[in-house]
């Protein structure tokens with residue numbers, strides 16, 4: 001019984017990731033593969049986005065601002081990927097690599 005009480009928070013987080021995050025991630029990867037298949041020779045770039053806050057809503061705002069900024073420069077958001085721990089450890093809020101393609 002004690003083990004169940006200790007493991008319950010981890011199980012809840014794991015199920016939350018499976019239910020909410022995994023489907024979004026799979027859709028993003030599928031979309032990126034489709035765009036790359038249509039235009040295999042298109043120009044690509046990757047930008048590291050360092051988050052300013054640990055709050056999810058602030059991270060979303062930072063992400064959306066970067067996408068809008070790059071769109072103004074003619075780039076289309078392709079996907080986000082995990083940044084190197086050596087890079088993200090310098091900030092409390094972490095960061096993400098954002099991949100763009102010029103169509």
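Residue numbers (the working numbering): 1 to 103.
Note that CB positions come from ideal geometry on N, CA and C, so glycine has one too.
Closest residue to residue i among the options (Cα-Cα distance)
i, options, result
"residue 79", "87, 28, 68 and 70", "28"
"residue 56", "23, 8, 95 and 10", "95"
"residue 46", "4, 21 and 77", "77"
"residue 69", "13, 2 and 100", "100"
Other residues of its chain near residue i: CB distance less than 8 Å, five sequence neighbours each side excluded
i, result
"residue 92", "54"
Beta-bridge pairing of residue i - partner residues as DSSP gives them
i, result
"residue 47", "98"
"residue 82", "96"
"residue 77", "100"
Sub-8 Å separation of residue i and residue j beta-carbons
i, j, result
"residue 102", "residue 75", "yes"
"residue 97", "residue 86", "no"
"residue 21", "residue 49", "no"
"residue 52", "residue 64", "no"
Cβ neighbours of residue i in the same chain (closer than 6 Å, five flanking residues each side left out)
i, result
"residue 44", "101"
Residues near residue i by beta carbon distance below 7 Å, same chain, minus five either side
i, result
"residue 71", "none"
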